[in-house]
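Since the structure comes first, as structure tokens, the remarks are kept for the end.
Chains as they are written, first to last, in our numbering: chain A, 1 to 308; chain B, 1001 to 1096.
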């Protein structure tokens, strides 16, 4: 597409097309959007992050999509969010107020090697594409690779499983890049990692049944966000801590971010329950992104209005 | 591209914790090559498993012999992925 106005948001796109979209968006909005390359994947692809900012030294809100490569509706939603942010800035009072106070970071393809592999070789590929010495099986589950209960129950030590945790915490460059970025930034106040497809909004912890000190506040905010999401199309969501709502999962992204002091740490599971799984038809991309944006907005606004 | 012809995704709805455990046991049977799209959680919470064609009969027999309710969520995964590909191609052609 020659511009982000003619870009087709209602279909799934390849990695190159998404990168091209990112560059076009930056070129069209030089005073609002910039691209940061926070690292390289195992196979050398750039880990691109969009930064939406109107000032300097601001606290920030992070959103990532596509850490599990086969969850295509998440990358597609990420593209839609990026355009939505530039469209709404200056016209929507709430988003404008947000960007006058907070920066937003958006990593659309968090696991680029896996995403390319899911387009070229195996549509159901979930993990990264790192080699595992001593095994013919490839890849690590990047959502079990974080230093939060790493190696505990709910992750696997077998490289041939989908929940293989990797040889060490942060062994995956895709994970390490975010770790370094978050630590280096030092002022990220909200963090949302987006998955699909079981319709949930979850918060820490996943590796332990202990409640976080902020459990009640996180639960209340999740309820508000889910109500906003449901208001659009009636999509039913569950919410709660990861371990109580799904199952024990060690080494997860938002457990690590919470333990780093990012209080408003959440993870989404987008639609669709019980019909298509990871093969959600492209016709549902925009409705999914629209309803998710309503919930995201609540999380971002709350983070903006409740500094800590 | 890997072909998923004949593969199905089963949606299992365990009625009690015993059935949850029985489904969880399937996770350890590596030779079945099952892909848990949604892992076992609790009774009456859905579990979705992508089942390769050669394992379909064994898994269905296992579920039926233990009276574990299930339905076929995706009858042929490859059909769905073929539709996805055609819709991508058609949309690109229109864009061009």
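Ideal placement from N, C-alpha and C gives every residue a C-beta, glycine not left out. The model shown is predicted, which means the values in this text are computed figures rather than measured ones.
Residues in the region 195-221 of chain A having any Cβ partner in chain B nearer than 9 angstroms:
197, 198
Quick one: which residues of the region 1007-1030 of chain B get their C-beta closer than 8 angstroms to a C-beta of chain A? List them in chain order.
1009, 1011, 1030
Can you tell me which residues form a DSSP beta bridge with residue 191 of chain A?
A:62, A:265
Residue 286 of chain A: first and last residue of the uninterrupted alpha helix (DSSP H) it sits in:
285-305
Is residue 101 of chain A helix, strand or coil by DSSP?
coil
Compute the beta-carbon to beta-carbon distance between residue 287 of chain A and residue 233 of chain A, rounded to the nearest angstrom, for a pair I have assumed lies under 8 angstroms.
6 angstroms
Pair within 8 angstroms by beta-carbon distance, residue 148 of chain A and residue 252 of chain A:
yes
Under 8 angstroms, CB to CB, which of the residues in the region 7-34 of chain A have a partner in chain B?
8, 10, 11, 12
Checking 8 angstroms against the spacing of the C-beta atoms, do residue 248 of chain A and residue 207 of chain A come in under that value?
yes
Sorted by chain position, which residues of the same chain lie with C-beta nearer than 6 angstroms to residue 152 of chain A's C-beta, five sequence neighbours on each side aside?
207, 250
Examine chain A for any beta-carbon lying closer than 8 angstroms to the beta-carbon of residue 1074 of chain B, and answer yes or no.
yes
Taking the alpha-carbon positions, what's the residue 294 of chain A to residue 301 of chain A distance?
11 angstroms
Contact residues within the region 101-131 of chain A, judged by C-beta distance below 8 angstroms to chain B
120, 121, 122, 123, 124
When the cut-off is 8 angstroms and only beta carbons count, does residue 1057 of chain B lie next to chain A?
no
Where residue 167 of chain A falls: helix, strand or coil (DSSP):
coil
Is the number of C-beta pairs between the region 1038-1054 of chain B and the region 1006-1014 of chain B that are closer than 8 angstroms three or more?
yes
Residues of chain B with a CB under 7 angstroms from the CB of residue 247 of chain A: which are they?
1039, 1041
Closest to residue 11 of chain A by CA distance: which of A:284, A:303, A:115, A:298 is it?
A:284
Apart from the five residues just before and just after residue 1022 of chain B, which ones in its own chain have a Cβ nearer than 6 angstroms to its Cβ?
1066
Please report whether the beta-carbon of residue 1046 of chain B lies at a distance below 8 angstroms from any beta-carbon of chain A.
yes
Run through the region 78-150 of chain A for me and flag every whole alpha helix (DSSP H) of 4 or more residues, listed as ranges in chain order.
93-99, 112-120
Alpha helix (DSSP H) runs wholly inside the region 1006-1077 of chain B, at least 4 long, in chain order:
1017-1027, 1053-1065
Distance check for residue 70 of chain A and residue 115 of chain A, CA to CA, integer angstroms please.
7 angstroms
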